[in-house]
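So the sequence shown is residues 1 to 340, counted in UniProt numbering.
The beta carbon of each residue, even a glycine, is placed where N, CA and C say it ideally should be.
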Amino acid sequence: MKPHDTILSAIGGTPLIRLARASEETGCTILGKAEFLNPGLSVKDRAALSIVRDAEARELIRPGGTIVEGTAGNTGIGLALVAAVRGYRTVIVIPETQSDEKKQTLRLAGARLVEVPAVPFSNPNNYVHAARRLAEALAATEPAGAFFADQFDNVANRQAHVETTGPEIFEATGGAVDGFVCAAGTGGTLAGTAQSLRALKPGVTIALADPEGSALHAYYTDGALKAEGSSITEGIGQGRVTRNLEGFRPDRSYRIPDTEALGHVFGLMREEGLSLGGSSGINVAGAVRLARDLGPGHTVVTILCDGAARYASKLFNPAFLRERNLPVPSWFEEPPGALP
Ligand code: PMP
């Protein structure tokens, strides 16, 4: 393998991994795209690189300029590493309720953090609106200007998946992909991958896996944005049709409860050496549902978005799970036993 010029060329080109138990249970081949192997350890590195490249091409950002984004984590980490290599600074506006692990990871990726109270999108003080205003203010005061990355409504996000994720899946399966399913946060991964897979493989079935508390499942099945319940997963679920979702429609939609997603997260950790975050669990649950709907013999691909380490104090904390009436796997708390 040739040396990489910078860490940026290590973004993308992730392997597909066969998920043994899910495949055996359904009689299908279920493959997870290992996005946790990106340099920033998540699928969002692809969007971050694409957003920065697009801003450079459109001359929206100048050398030494500041990239501002409202994000609860992964996009900020991706932007911070892209910005470091390309010579920009990063300011991340984050709801103060986010985990300390995430805040620390953002700082270690080189970002400056501005913490704001967690309020809904309809409130003008929501972190996304606060980030936009901060970008406008910094554009006027910073000598090299500032740029608002705007991951939800900037379609350079979706374009990353049109150009890379979809073609990589088509190629790695030798064109044999029958179904693709994932959750949506900004919707960039789902809508972008769907766009390129539908062009490369007419007839491919595209499905949304939606957590509780998201309005998209109701929107695609009944036509009205309506959210019910809640989820401990992070980075997914959406209450509106973002610009990245405009023009997109899934062929199927599944509403996945946390208990179903967590069963996959813990099973994959214990039995298949895959240490994953909650959104990957929603995705694998969606892949199992889609495989059952398509029937045995099909190939279904989903996204393994990020790793468990980012959620150690939550998803993998028995007290946190118990407080929410979520199952704690017995092996999680097994005493280590006496040393010989
Ligand atoms: N999983 C995780 C852990 C994420 O951080 C995100 C990004 N918000 C997603 C899934 C969803 O990706 P997208 O924004 O492309 O819909």
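Let's see if you can read the secondary structure: which residues bound the beta strand (DSSP E) around L304?
Indexing the sequence shown from 1 puts residue 304 at position 304. Annotation for L304: the continuous beta strand (DSSP E) segment containing it runs T299 to L304.
Buried or exposed for R58, please, with buried defined as at least 16 other CB atoms from any protein chain shown within 10 angstroms of its CB.
Position 58 of the sequence shown, counting from 1, holds the residue named residue 58. That one is exposed.
Residue 342: beta carbon under 7 Å from a heavy atom of the ligand PMP?
Past the edges of the chain, shown from 1 to 340, lies residue 342, and the structure says nothing about it.
Straight-line gap, S99 to L106 (C-alpha atoms, nearest Å):
Counted from its first residue, the sequence shown places residue 99 at position 99. Counted from its first residue, the sequence shown places residue 106 at position 106. In this structure, the straight-line span from the alpha carbon of S99 to that of L106 is close to 11 Å.
Three-state secondary structure assigned by DSSP to S23
Reading the sequence shown from its first residue, position 23 is the one you call residue 23. Residue state, collapsed to three classes: helix.
Please classify P124 as buried or exposed, where buried requires at least 16 other C-beta atoms within 10 Å of its C-beta.
Numbered from its first residue, the sequence shown carries residue 124 at position 124. Under this definition P124 is an exposed residue.
Given 7 Å as the limit, tell me if S231 has its C-beta closer than that to any heavy atom belonging to the ligand PMP.
Numbered from 1 along the sequence shown, position 231 holds the residue referred to as residue 231. S231 Cβ: outside cutoff for every heavy atom of the ligand PMP.
So, using beta-carbon positions, are A118 and P143 closer together than 8 Å?
In the sequence shown, the residue the question calls residue 118 occupies position 118. In the sequence shown, the residue the question calls residue 143 occupies position 143. Taking 8 Å as the Cβ cut-off, A118 and P143 do not qualify as a contacting pair.
Counting only runs that start and end within the region 32 to 78, where is the alpha helix (DSSP H) found for 4 or more residues in a row?
Correct list: 44 to 57.
Nearest-angstrom Cα distance between V82 and L339?
For the purposes of this step, residue 82 is taken as the residue at position 82 of the sequence shown. For the purposes of this step, residue 339 is taken as the residue at position 339 of the sequence shown. Per the coordinates, the alpha-carbon of V82 lies some 46 Å from the alpha-carbon of L339.
For E115, the three-state DSSP class (helix, strand or coil)
Counting from 1 along the sequence shown, the entry for residue 115 is found at position 115. Taken through DSSP and simplified to helix, strand or coil, E115 comes out as strand.
Restricting to runs no shorter than 3 residues, where is the beta strand (DSSP E) found entirely within the region 162 to 206?
Within the region 162 to 206, the complete beta strand (DSSP E) runs of at least 3 residues are 179 to 182.
Between the region 163 to 183 and the region 130 to 146, do at least 3 Cβ pairs fall closer than 8 Å?
By the Cβ rule, the region 163 to 183 does not count as touching the region 130 to 146, because fewer than three pairs are nearer than 8 Å.
Evaluate H161 with the Cβ neighbour count: other Cβ atoms within 10 Å of its Cβ, from every protein chain shown; 16 or more gives buried, anything less gives exposed.
Within the sequence shown, residue 161 is the residue found at index 161, counting from 1. Burial call: buried.
Taking all protein chains shown into account, decide if F121 is buried (16 or more other Cβ within 10 angstroms of its Cβ) or exposed.
Residue numbering aside, residue 121 sits at position 121 when the sequence shown is read from its first letter. When all chains shown are included, F121 counts as exposed.
Every unbroken beta strand (DSSP E) inside the region 231 to 269 [3 residues or more]:
You should have 252 to 256.
Whose CA, out of G179, L245, A109 and R292, lies closest to the CA of L200?
For this step, residue 200 is matched to residue 200 along the sequence shown. Looking at G179, L245, A109 and R292, the one whose alpha-carbon comes closest to that of L200 is G179.
Considering only DSSP beta bridges, list what G307 is partnered with.
As a working note, residue 307 is residue 307 in the sequence shown. In the DSSP output, where bridge partners are listed per residue, G307 has L276.
Take every Cβ of the region 210 to 229, pair it with every Cβ of the region 251 to 265, and state whether three or more of those distances are shorter than 8 Å.
The region 251 to 265 and the region 210 to 229 touch, with three or more beta-carbon pairs separated by less than 8 Å.
Note the first and the last residue of the continuous beta strand (DSSP E) segment covering T90.
As a first step, residue 90 is located in the sequence shown; it is residue number 90 there, counting from the start. Under the DSSP assignment, T90 falls in the beta strand (DSSP E) whose first and last residues are R89 to P95.
Which residues in the same chain as Y127 place their Cβ atom closer than 6 Å to its Cβ, once the five residues preceding and following it in sequence are excluded?
Here residue 127 refers to the residue found at position 127 when the sequence shown is read from its first residue. Taking Y127 as the centre and dropping the five residues before and after it, the same chain places the C-beta of G70, V93, P95 and V116 closer than 6 Å to its C-beta, in chain order.
Would the region 260 to 273 and the region 322 to 335 be scored as touching if the rule is three or more Cβ pairs under 8 Å?
A contact exists between the region 260 to 273 and the region 322 to 335.
Taking only three categories from DSSP, how would you classify R324?
Working through the sequence shown from its first residue, we reach residue 324 at position 324. In this structure, R324 counts as coil in the three-state DSSP scheme.
Coil, strand or helix - D210 by DSSP
For the purposes of this step, residue 210 is taken as residue 210 along the sequence shown, with counting starting at 1. Per DSSP, reduced to three states, the secondary structure at D210 is strand.
Give me the Cα-Cα distance between I282 and L276, rounded to the nearest whole angstrom.
On the sequence shown, position 282 is the one that residue 282 refers to. On the sequence shown, position 276 is the one that residue 276 refers to. Cα-Cα distance, rounded: 11 Å.
Are L19 and G32 closer than 8 Å when you measure CB to CB?
By one-based count along the sequence shown, residue 19 stands at place 19. By one-based count along the sequence shown, residue 32 stands at place 32. It is a contact, given that the beta carbons lie within the stated cut-off.
Just curious, the beta strand (DSSP E) that A146 is in, first and last residue?
Within the sequence shown, the letter at position 146 stands for residue 146. Note, A146: beta strand (DSSP E), A146 to F148.
For N244 and R21, I'd like the C-alpha separation in whole angstroms.
Position 244 of the sequence shown, counted from the first residue, corresponds to residue 244. Position 21 of the sequence shown, counted from the first residue, corresponds to residue 21. Between the C-alpha atoms of N244 and R21 there is a straight-line separation of about 33 Å.
Thinking C-alpha only, which one of R198, G73 and R53 is nearest F248?
To locate residue 248, count along the sequence shown from 1; it is residue 248. If we check each option's Cα against that of F248, R198 comes out closest.
What is the C-beta distance between V288 and I17, in whole angstroms, given that I count them as a contact (C-beta under 8 Å)?
Locating residue 288 in the sequence shown gives position 288, where the first residue counts as 1. Locating residue 17 in the sequence shown gives position 17, where the first residue counts as 1. Actually they are not in contact, since the Cβ atoms of V288 and I17 sit about 15 Å apart, beyond 8 Å.
First and last residue of the uninterrupted beta strand (DSSP E) at L16:
In the sequence shown, residue 16 corresponds to position 16, counting from 1. In the DSSP annotation of this structure, the continuous segment of the beta strand (DSSP E) that includes L16 starts and ends at L16 to R18.
Do T302 and G278 come within 8 Å of each other at the CB atom, strictly closer than that value?
The sequence position of residue 278 within the sequence shown is 278, counting from 1. The sequence position of residue 302 within the sequence shown is 302, counting from 1. No. Outside cutoff.
The ligand PMP and I206: does any heavy atom of the ligand fall closer than 7 Å to the residue's C-beta?
Taking the sequence shown and counting its residues from 1, the one referred to as residue 206 is at position 206. Incorrect: I206 has no Cβ contact closer than 7 Å to the ligand PMP.
Buried or exposed by the 16-neighbour rule on C-beta atoms within 10 Å, applied to Q195:
For this step, residue 195 is matched to residue 195 along the sequence shown. The residue in question, Q195, is buried, as its Cβ has 16 or more Cβ neighbours within 10 Å.
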